[in-house]
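Counting with the numbering used here, you get residues 538 to 1341 for the letters of the sequence shown. We put the CB at the ideal spot given by N, CA and C, even for glycine. Presented below is the structure to which this report refers.
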Amino acid sequence: MADGDSVIVAVRVRPFTEREKGRNAQLIVDMSEDGKSTILKDPNNNGDELKIFNYDHSYWSHDGFKAENSGYLKPVSKKYADQKRVFDDLGKGVLDNAWKGYNCSLFAYGQTGSGKSYSVVSVSMFEIYCEKIRDLLNHRPLPKGGLKIREHPKTGFYVEGLWSYPVASYPEIQSKISEGTKERTIAATNMNSTSSRAHTIVKIHFNQKTNKGGNMSMTKSSEINLIDLAGSERQKSAGSEGDRLKEGIIINKSLSTLGRVIKSLHDKNSNTTAKIQIPYRDSVLTSLLKNALGGNSKTIMIAAISPADLHYEETLSTLRFADRAKSIKTKAVVNESATERMIRELKEENARLQEMIKRGAIDNGVATQDELEKLKLQLSENQKVMTDLEKTWQQRLEETEKRSNHTESREKAEARRKEQPHLWNLNEDPALTDMIIWFIEVGENCIGNLPGDSKSHIWLKGPSIQPEHGVIHNKDNKKITIKPVSTAAILVNGKHISQETELQQNDRIHFGVEEISHDMAQKEIAKNVGGVTSQIATNTMKSKEDMILEEDLVNILPNVYRANAMAKELKRNVNFEIVLMPPEIRGDSNGNTQVWIKVHNKTDDTTFLWDINRFNNRYNGMQEMYQNYTEGDLEWNLSKERDPFYEPADSSIVVGSTKIYLQSLAYMLSVCFMPCNPAGKEILGEFVENPSELVKKNLAFKIKILSALGLPRRIDQSYCTYTFFDRGETKTNKASGSNPAYAHEEMFTFRPVTQELVGYLKNGALNITVYGIQKARDSSLHSSAASSRISSYLNQVLKYFKLG
538 MADGDSVIVA
548 VRVRPFTERE
558 KGRNAQLIVD
568 MSEDGKSTIL
578 KDPNNNGDEL
588 KIFNYDHSYW
598 SHDGFKAENS
608 GYLKPVSKKY
618 ADQKRVFDDL
628 GKGVLDNAWK
638 GYNCSLFAYG
648 QTGSGKSYSV
658 VSVSMFEIYC
668 EKIRDLLNHR
678 PLPKGGLKIR
688 EHPKTGFYVE
698 GLWSYPVASY
708 PEIQSKISEG
718 TKERTIAATN
728 MNSTSSRAHT
738 IVKIHFNQKT
748 NKGGNMSMTK
758 SSEINLIDLA
768 GSERQKSAGS
778 EGDRLKEGII
788 INKSLSTLGR
798 VIKSLHDKNS
808 NTTAKIQIPY
818 RDSVLTSLLK
828 NALGGNSKTI
838 MIAAISPADL
848 HYEETLSTLR
858 FADRAKSIKT
868 KAVVNESATE
878 RMIRELKEEN
888 ARLQEMIKRG
898 AIDNGVATQD
908 ELEKLKLQLS
918 ENQKVMTDLE
928 KTWQQRLEET
938 EKRSNHTESR
948 EKAEARRKEQ
958 PHLWNLNEDP
968 ALTDMIIWFI
978 EVGENCIGNL
988 PGDSKSHIWL
998 KGPSIQPEHG
1008 VIHNKDNKKI
1018 TIKPVSTAAI
1028 LVNGKHISQE
1038 TELQQNDRIH
1048 FGVEEISHDM
1058 AQKEIAKNVG
1068 GVTSQIATNT
1078 MKSKEDMILE
1088 EDLVNILPNV
1098 YRANAMAKEL
1108 KRNVNFEIVL
1118 MPPEIRGDSN
1128 GNTQVWIKVH
1138 NKTDDTTFLW
1148 DINRFNNRYN
1158 GMQEMYQNYT
1168 EGDLEWNLSK
1178 ERDPFYEPAD
1188 SSIVVGSTKI
1198 YLQSLAYMLS
1208 VCFMPCNPAG
1218 KEILGEFVEN
1228 PSELVKKNLA
1238 FKIKILSALG
1248 LPRRIDQSYC
1258 TYTFFDRGET
1268 KTNKASGSNP
1278 AYAHEEMFTF
1288 RPVTQELVGY
1298 LKNGALNITV
1308 YGIQKARDSS
1318 LHSSAASSRI
1328 SSYLNQVLKY
1338 FKLG
């Protein structure tokens, strides 16, 4: 085992959310009395098999508390872990180690001096989204491609140009974090691609200078990294297999790379003789967190999990991730040295760098342009560090004051809210809700996607937001009305309005397809616009499957609207609709009905079906593409190979499926399948009284798929797939025409037959699914009736919801 400090890993389980309570979610998580073990029960397994994970801390915060009026959850049980207990166990150690000069890092992962010494504390805050870094405390326009990361040979990776603000107290740190969170909210509200999917990092820098007598002083430097990772529950891969854009869309790159880094570190510490390359450089996040993950840092990881059976897979994935993190080793050291020596060494290194730049040579060799650029950047960073060491506290405060934005303080805004009508933002992420306030001035207030100079202008950006979108009238702070301009989309409490409408306290306003809605607003949209069936919308005795289906509908419906809006603005000739996909059509004998997305490419006149995960994968790419378009990036218009809106015409679609029960095989009757001996010879005329007689015997089965009849004429080629017992997916050859001849024959041999196989034959069914490849054509050359044939065929086999 490698030397060093292990990463401290804690798991915390939260209470049920209101949505989970409404869906009668079952508790599947427990924790041991000693607070070390987390126990997970598989809700789909009726047996007693439990998965047990051991960690440094397992915090039970699911129940055992009393909610006070202040919002504080007061413990009424010794088992309940409140915020104070978590801070006492973890937070105090972070602060103590930072003051001692150690770098410290705290990850949130899951589904949030006196006498002779004085200290300088500063804070910076940034987010990583689509591999782009944005400074959340610098309100200047973001440079193209975001801030750059650089690597210093001694200190490692850093963000070039990141602002760092001196702070004198915890309230000042809290104020800066609130300021950064507001900047995240503005980005999310402006469709800057869902900040809830971004990683946010707060860095608190400590520089302690101690006078050792005479002209000697010591500098002790450290930093605390607070890392809020994008929600791991969104990083699903199931259903995206085969998607040509899965690797091309980089929104999940940092989180997937973090998983590979954790695995590599785990493998390296488990096998110290193996030469394992850690892929830190493969993403921006892991580059910047190299010290936290395996270098000079004392690191803590807190994994937050859901207690509900509905989130079993996500919870299991999080626990496994945290389990791997336990084996990571870091080597934290006190960062202390004589101040004068540090300055002297920096000056000497700068002199050496300047000489190398002047000569254009490195180690007696001619330097390339890239190498010279790195030398200049290193020189600049050294100069910045040296200047900071020589600055006084007062000088740094004065500089901060000069570059700070003199905007209305939060306190003044809160006081004003009590007297003046205003709008405030809603967001799916509670941390981003109520962070932006638009005051409604007396008179006319214009809403649009162009910036305005007056106080009475409300500036929104995003798909379907028009230059002149709507007008809010404030009549002496007594009556507030809103009216859309022309055909601009405005929803009040989930209903479209077309004329002037009076607003009441706590009305929810939805502009275009803007991302300012939470669960309640989304449900209203689904109820009033989305066409949810009466069975799902009104049935009070819903099954768990119905509730899962309803939640999927509620979550996906706004994104389908946004995808259509972005497609229209970006001139992508495609349309997205919601459909309900029964398990039989998907080839799943035991599954439930799922929400899928029907994609119609009107240019190629082709129609495809995407499951939710594939749609979400593409939707992320659509957002990134739209963001680049709105920011004026000249390279926003991607080729078809990288375009998230485009599905190639030769992609397969489901044409139909059939379910064949296997009981005939269990009794050796030749119906659709042929029992064989292990040599492949078909067995005819034999019969068994009880299928259990087959157990421990060697046997084989031959499956034949000869042909299909009457496929739609738009299908150019087709093939069939099926899965027999545990043998994985089997695929026939492709065949052409409306009456394809597959001539498929496959033999499955079992040596010997097991009781599980007999049970499968007695009670199971084989789903055979037919997939087709469409003929692409120019829809402008054909009538609208002809262009909708394949879509009409799909509609015959699917019960679908068409967006209004």
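Run of the alpha helix (DSSP H) containing residue i, from where it starts to where it stops
i     : result
V623  : 620-623
N1165 : 1149-1167
S807  : 790-807
Q1292 : 1292-1300
P1120 : 1120-1123
S1229 : From DSSP, S1229 is part of no alpha helix (DSSP H); its letter is neither H nor E.
W636  : 629-636
G831  : 827-831
Y596  : Element bounds for Y596: not the alpha helix (DSSP H) but the beta strand (DSSP E), 594-597.
Cβ-based burial, residue i [other Cβ within 10 Å; buried from 16]
i     : result
I589  : exposed
S1275 : exposed
E704  : Per the sequence shown, residue 704 should be read as Val rather than Glu. The residue is buried, with at least 16 neighbouring Cβ atoms inside 10 Å.
W961  : exposed
G1049 : buried
K835  : buried
Q1131 : buried
K1016 : exposed
F624  : exposed
E570  : exposed
E697  : exposed
P678  : exposed
T867  : buried
P988  : exposed
Residue span of the beta strand (DSSP E) that contains residue i, given as start and end
i     : result
V1267 : The question names Val, but residue 1267 is Thr in the sequence shown. Looking at the DSSP string, the run of the beta strand (DSSP E) that includes T1267 is 1266-1268.
G985  : 980-985
E1282 : 1278-1287
A604  : 602-604
A645  : 641-647
T1018 : 1016-1021
S1244 : 1236-1244
8 Å Cβ cutoff met for residue i and residue j
i     : j     : result
I995  : I984  : yes
L1107 : Y1166 : yes
S824  : I813  : no
A547  : Y592  : yes
I710  : I741  : yes
K1020 : V1008 : yes
S543  : K863  : yes
D1141 : A1313 : yes
F858  : G796  : yes
S820  : K790  : yes
S595  : G572  : yes
Presumed contact (8 Å Cβ cut-off) between residue i and residue j, rounded CB distance
i     : j     : result
N1214 : I1220 : 6 Å
Y1308 : Y1259 : Not quite, the Cβ-Cβ distance comes to about 11 Å (not below 8 Å), so this is no contact.
I565  : Y817  : Their Cβ separation, rounded to whole angstroms, is 35 Å, which puts I565 and Y817 out of contact at 8 Å.
I761  : A635  : 5 Å
A618  : R551  : Their Cβ separation, rounded to whole angstroms, is 11 Å, which puts A618 and R551 out of contact at 8 Å.
H1047 : V1022 : Their Cβ separation, rounded to whole angstroms, is 16 Å, which puts H1047 and V1022 out of contact at 8 Å.
H736  : E664  : 6 Å
L577  : L856  : 6 Å
DSSP state of residue i mapped onto helix, strand, coil
i     : result
M838  : strand
T554  : coil
R671  : strand
V1132 : strand
G572  : coil
N1092 : helix
M662  : strand
S759  : strand
E1344 : Residue 1344 lies beyond the residue range present for the chain, which begins at 538 and ends at 1341; the question has no answer from this structure.
I1027 : strand
Q1254 : strand
S1188 : coil
L822  : helix
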